[in-house]
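Residue numbers (UniProt numbering): 1 to 325.
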């Protein structure tokens with residue numbers, strides 16, 4: 001440690017403070033105070049420190065401040081450029097991101113992947129594909145980003161063509177296509193691809209199970225769920241949704257109670273199921289339990305609770321819940 005240069009020590013302390021403050025209850029105050037401190041430049045270590053700051057500022061919605069810091073840097077690396085470009089499109093400034101991308105002296109594959117992701121996120125799927133076609137070198141993440149983009153906008157055949165053209169596929173590639181087929185109602189194609197996957201993870205299993213549920217193929221969802229080696233909360237919640245759609249609330253509740261770490265989504269599935277199956281009192285009881293556990297209800301929770309209240313003709317509870325929406 002004593003042999004580390006002064007500026008390297010400052011960089012290490014900078015990162016330590018970021019990590020510590022990000023876990024503190026008052027992280028917003030401390031992080032804001034820390035990130036807005038002036039920066040001096042002496043070495044590549046300081047460039048790295050500035051890149052960290054730019055990333056944090058962007059995620060905090062302070063993209064203008066991040067750009068000011070970027071402009072003040074006497075020396076930048078490709079990571080600096082990528083950080084600001086990503087920050088721009090993540091904050092809704094796609095045109096600024098594209099302009100900065102065009103100004104880059106040197107681009108790497110991360111630069112290209114970032115601008116593709118930015119176009120996809122901002123509903124510019126055709127522009128994303130143009131960037132993809134112009135890429136001098138692509139990695140698996142590039143192909144996955146484009147396939148996921150086509151799936152997102154229900155352009156399944158284009159996604160399928162890219163999938164077939166991929167030189168190397170990974171579990172993300174397969175899972176994206178399975179999800180696309182399932183969302184498009186092509187559940188047999190989804191299952192065929194699932195079965196030929198060389199390696200499956202929990203997400204792959206969950207996507208296939210959810211696909212069966214969303215397409216009303218509950219028996220096949222159950223069969224696949226029983227085969228799943230390590231059941232997670234997302235897969236269990238998907239099955240709960242399936243049981244609720246079938247009206248099998250007892251099965252749904254048994255599975256719900258088996259979840260070790262329940263989250264807002266699993267509660268929502270049960271509350272919605274009870275509300276839609278005419279068990280308003282049970283829905284309200286679960287809502288109260290959810291609040292007692294310190295979980296914050298989202299819009300879906302509150303809509304389901306209102307449905308439960310209406311089924312009970314409970315005007316008082318309905319008014320109280322409506323205030324929260």
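We put the CB at the ideal spot given by N, CA and C, even for glycine. As the structure is a prediction and not an experimental result, all values here were calculated from the model.
Reduced DSSP secondary structure (H/G/I, E/B, other) of residue i
| i | result |
| --- | --- |
| residue 154 | coil |
| residue 186 | coil |
| residue 296 | coil |
| residue 240 | helix |
| residue 77 | coil |
| residue 278 | coil |
| residue 137 | coil |
| residue 90 | helix |
| residue 126 | helix |
| residue 115 | helix |
| residue 327 | Lying before the first or after the last residue shown, residue 327 is absent from the chain, which here runs from 1 to 325. |
| residue 60 | coil |
| residue 263 | coil |
| residue 108 | coil |
| residue 247 | coil |
| residue 232 | coil |
For residue j and residue i, the rounded distance between their alpha carbons
| i | j | result |
| --- | --- | --- |
| residue 259 | residue 252 | 11 Å |
| residue 276 | residue 101 | 49 Å |
| residue 29 | residue 60 | Residue placement at residue 29 cannot be trusted, given a pLDDT of 46 that sits under 50; what the coordinates show is reported in the next sentence. C-alpha separation (whole angstroms): 11 Å. |
| residue 230 | residue 70 | 45 Å |
| residue 124 | residue 249 | 42 Å |
| residue 93 | residue 58 | 11 Å |
| residue 238 | residue 223 | 13 Å |
| residue 227 | residue 209 | 11 Å |
| residue 232 | residue 202 | 7 Å |
| residue 91 | residue 117 | 13 Å |
| residue 204 | residue 301 | 27 Å |
| residue 171 | residue 200 | 7 Å |
| residue 185 | residue 164 | 20 Å |
| residue 95 | residue 133 | 19 Å |
| residue 197 | residue 130 | 29 Å |
| residue 168 | residue 299 | 40 Å |
| residue 194 | residue 215 | 16 Å |
| residue 294 | residue 263 | 11 Å |
| residue 64 | residue 115 | 19 Å |
| residue 176 | residue 76 | 35 Å |
| residue 74 | residue 147 | 38 Å |
Exposure of residue i, with buried meaning 16 or more beta-carbon neighbours within 10 Å
| i | result |
| --- | --- |
| residue 106 | exposed |
| residue 179 | buried |
| residue 103 | exposed |
| residue 87 | buried |
| residue 296 | exposed |
| residue 244 | buried |
| residue 288 | exposed |
| residue 46 | buried |
| residue 67 | buried |
| residue 306 | buried |
| residue 99 | exposed |
| residue 72 | exposed |
| residue 261 | exposed |
| residue 50 | buried |
| residue 62 | buried |
| residue 24 | Confidence in residue 24 is poor, its pLDDT being 44 and thus under 50, which makes the residue's placement unreliable; the coordinate value appears in the next sentence. Label assigned to residue 24: exposed. |
| residue 192 | exposed |
| residue 291 | exposed |
Residues of its chain near residue i, where Cβ-Cβ distance is below 7 Å and the 5 sequence neighbours each way are ignored
| i | result |
| --- | --- |
| residue 158 | 150 |
| residue 143 | 162, 166, 173 |
| residue 139 | 109 |
| residue 153 | 125 |
| residue 89 | 97, 118, 121, 122 |
| residue 137 | 109 |
Close beta carbons around residue i, own chain, < 6 Å, minus the five adjacent residues each side
| i | result |
| --- | --- |
| residue 212 | 220, 221 |
| residue 120 | 128, 149 |
| residue 35 | Residue confidence for residue 35 is low, a pLDDT of 48 falling below 50, so the modelled location carries little weight and cannot support an answer. |
| residue 181 | 189, 190 |
| residue 284 | 308 |
| residue 206 | 234, 235 |
| residue 20 | Interpretation of residue 20 is limited by its pLDDT of 46, a score under 50 that renders its predicted location unreliable; no figure is taken from the coordinates. |
| residue 362 | Residue 362 is absent from the model: the chain starts at 1 and stops at 325. |
| residue 304 | 271, 272, 275 |
Contact with chain D by residue i, beta-carbon distance below 9 Å
| i | result |
| --- | --- |
| residue 92 | Protein chains in the displayed structure number just one, and chain D is not present. |
Other residues of its chain near residue i: CB distance less than 8 Å, five sequence neighbours each side excluded
| i | result |
| --- | --- |
| residue 240 | 252, 255, 256, 266, 269, 270, 273 |
| residue 111 | 78, 81, 82, 85, 101, 104 |
| residue 155 | 125 |
| residue 113 | 139, 141, 142, 145 |
| residue 286 | 267, 270, 271, 274 |
| residue 247 | 277 |
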